[in-house]
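Quick notes on the structure that follows.
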Amino acid sequence: MNSSEIRQKFLDFFASKKHHIVPSAPIVVKDDPTLMFTNAGMNQFKDYFLGNKPAPWPRVANTQKCLRVSGKHNDLEEVGYDTYHHTMFEMLGNWSFGDYFKKEALPWAWELLTDVYNLPKERMYVSVFGGDEKDGLPADEDAFKIWKKILGGEDRILFGSKKDNFWEMGDTGPCGPCSEIHIDLRSEEEVAKTPGKELVNNDHPQVVEIWNNVFMEFNRLADGSLVKLPAQHVDTGMGFERLCMAVQGKQSNYDTDVFQPMIQFVAEQAGVKYEDNEKTDIAIRVLSDHIRAIAFAIADGQLPSNNKAGYVIRRILRRAVRYAFTFLNFKKPFLYQMVPVLADQLAHIFPELKAQQAFVQRVIEEEELAFLRTLENGLKRLDSLNETFKGNQNRIDGKTAFELYDTFGFPADLTALIAKENGFSVDEEGFEIEMQAQKNRSRNAAQTEQGDWILVGDDVPTEFMGYDAISTEARIVKYRQV
Ligand code: ATP
Ligand code: MG
Ligand code: MG
Ligand code: MG
């Protein structure tokens, strides 16, 4: 089954269970002060759960573009090194707004995984919330009973802690237990090494969480107490790329047809073979991942810039440029050439990238050019100081990290990454002190901070309407105030 079929089967399955299929919300969030990027399928439905708005349909399903590089969920450090965390990924989800609940959601999830996708039952296990006495939270006996019936026993049901199996929107508001489905993708030989041992997904890189079913049944009040919600909701999220890995019998998301076209393209352009060398492999995976985050963020209205969400995108982009430069020997802009491969591949499901391809490419190429102008000198500067760092407890001092940021455009996390590769750490506190000192200097000089791009109405709720001009010289972005 190819990835398009896998996605479509998910949507068809829930349509057959009377779900309304809705489009993905943009990956860029413009009207929520608590969130810069969509990090879960439920974000766009928040108001229905909070009761601020009536839900237009009792059941919906979709695939949602998500980004987890900042805030509560930040998976950036894992990307390229593990096989299943991405910056940008698709989250497949189904929701019930005061309609069905656990006894429908869990059997449906199982039916889809085992009957439609034919995943092996004996390789899956589930977790349910085990309760938290301190917080007065009961174990999820209902979910346990439902799973016991579905699985025909309790062997593969694990009780989880509040951290993994209880979901809360914030300090107050809707919350409830969740039930995760994990799959063991280890080879037969690997499994034989640990007979009878029930693995949880932190124990082995090939044992992976694929689906989370959240059941909102409580409301946390301001005094910390919990009351039952008058209407109960279901909120689920399944990692699409992980599902593809499981269905296609691969051991890495990067080996599925979601990533292979890009992996092959990068390898070919770099004149290397994928799976020949650990270092170039990581770089190829990082590039194949990061371009998705960069391209979709730009297509959805977030240009790289010097602050806030724009700097998140710039940081990802510079990180990718450095991997390309150092490990794949791309000394000229390359990332922008990856955009058409991605746009073509996803045109049928996310046409927004194809529609703005030329513009997105130009923005990326300009960013690459700007960073490449200083990258080589910055790397040389770092190299030249190696002996000093060694004599200095293997630590890059705050002043140097700040110089790299200020003069050479190295985001702090990029310096930290390069430092780590060389066995050094970075004095982050020292960096912050230097940063603060510079801000004070700028303030004293009465300079206002200027991003590279002019965003109309940056601080007012706006709705992204598309780029006005295809020319990056114009740098005009069209937002409608809402
Ligand atoms: P993990 O424990 O693997 O980090 P999670 O518990 O943080 O996942 P959830 O918040 O429960 O993830 O999100 C629902 C689903 O989205 C997960 O079960 C997983 O399949 C998928 N998912 C989460 N984070 C990522 C990511 N960075 N890249 C790809 N898929 C992801
Ligand atoms: Mg996570
Ligand atoms: Mg988890
Ligand atoms: Mg989870």
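Just so you know, the sequence shown maps onto residues 929 to 1410 in my numbering.
All C-beta atoms, glycine included, are put in the ideal place defined by N, C-alpha and C.
Item checked: Residues of its chain near residue 972, where Cβ-Cβ distance is below 6 Å and the 5 sequence neighbours each way are ignored -> Counting only Cβ-Cβ distances below 6 Å, and skipping sequence neighbours, we find 953.
Item checked: Distance cut-off 7 Å: residue 1006 Cβ against heavy atoms of ligand 4 -> no
Next item on the list: Any chance you could list the alpha helix (DSSP H) runs of at least 4 consecutive residues sitting entirely within the stretch 1154-1199, in chain order?
Entry: 1168-1175, 1188-1198
Notebook entry, point to check: Going by Cα to Cα distance, which pick from 1183, 1332, 1346 is closest to residue 1363?
Noted result: 1332
Checklist line | beta-carbon residue 1003 near ligand 2 non-hydrogen atom, thresh 7 Å | finding: yes
Checklist line | Whole-angstrom distance between residue 1133 and residue 1432, CA atom to CA atom | finding: It is not possible to answer for residue 1432, since the shown part of the chain is limited to 929 through 1410.
Next item on the list: With hydrogens ignored, establish whether the beta-carbon of residue 1043 is closer than 7 Å to any heavy atom of ligand 5.
Entry: Ligand 5 is not part of this structure, which contains only ligand 1, ligand 2, ligand 3 and ligand 4.
Checklist line | Nearest-angstrom Cα separation, counted from residue 1337 out to residue 1375 | finding: Residue placement at residue 1375 is flagged as unreliable, the pLDDT there being 44, under the threshold of 50; the coordinate-derived value follows with that caveat. Each residue's Cα considered, the two are about 20 Å apart.
Next item on the list: With a 10 Å radius around its C-beta and 16 neighbouring C-beta atoms as the bar for buried, classify residue 1355 as buried or exposed.
Entry: buried
Margin query: Per DSSP, what are the beta-bridge partners of residue 989 in this structure?
Written below: 949, 1022
Check: Taking DSSP as the reference, what is the three-state secondary structure of residue 969?
Finding: helix
Item checked: residue 1138: first and last residue of the uninterrupted beta strand (DSSP E) it sits in -> 1135-1148
Notebook entry, point to check: For ligand 4, is there a heavy atom less than 7 Å away from the beta-carbon of residue 971?
Noted result: no
Next item on the list: Report, in whole angstroms, the separation of the C-beta atoms of residue 1215 and residue 1248, which I expect to be a contact under 8 Å.
Entry: That belief holds up - the Cβ atoms of residue 1215 and residue 1248 are roughly 6 Å apart, short of 8 Å.
Next item on the list: Taking the CB atoms as reference points, tell me whether residue 1146 and residue 1162 lie closer together than 8 Å.
Entry: no
Next item on the list: May I have a chain-ordered list of the alpha helix (DSSP H) segments no shorter than 4 residues that lie completely inside the stretch 1198-1281?
Entry: As far as the stretch 1198-1281 is concerned, its whole alpha helix (DSSP H) runs of at least 4 residues are 1206-1227, 1236-1255, 1267-1274.
Notebook entry, point to check: Touching or not, the stretch 1248-1263 and the stretch 1195-1203, by the rule of three or more beta carbon pairs under 8 Å?
Noted result: yes
Checklist line | When 1267, 962, 1348 are compared against residue 1098, the one with the closest alpha-carbon | finding: For residue 1098, the closest alpha carbon among the candidates 1267, 962, 1348 is that of 962.
Notebook entry, point to check: Hey, is the stretch 1073-1093 in contact with the stretch 1033-1053, meaning 3+ C-beta pairs nearer than 8 Å?
Noted result: These segments touch.
Check: Is there contact here, the stretch 1023-1031 with the stretch 1155-1169, by at least three beta-carbon pairs under 8 Å?
Finding: yes
Next item on the list: Tell me whether residue 1294 counts as near ligand 3, meaning its Cβ is closer than 7 Å to at least one heavy atom of that ligand.
Entry: no
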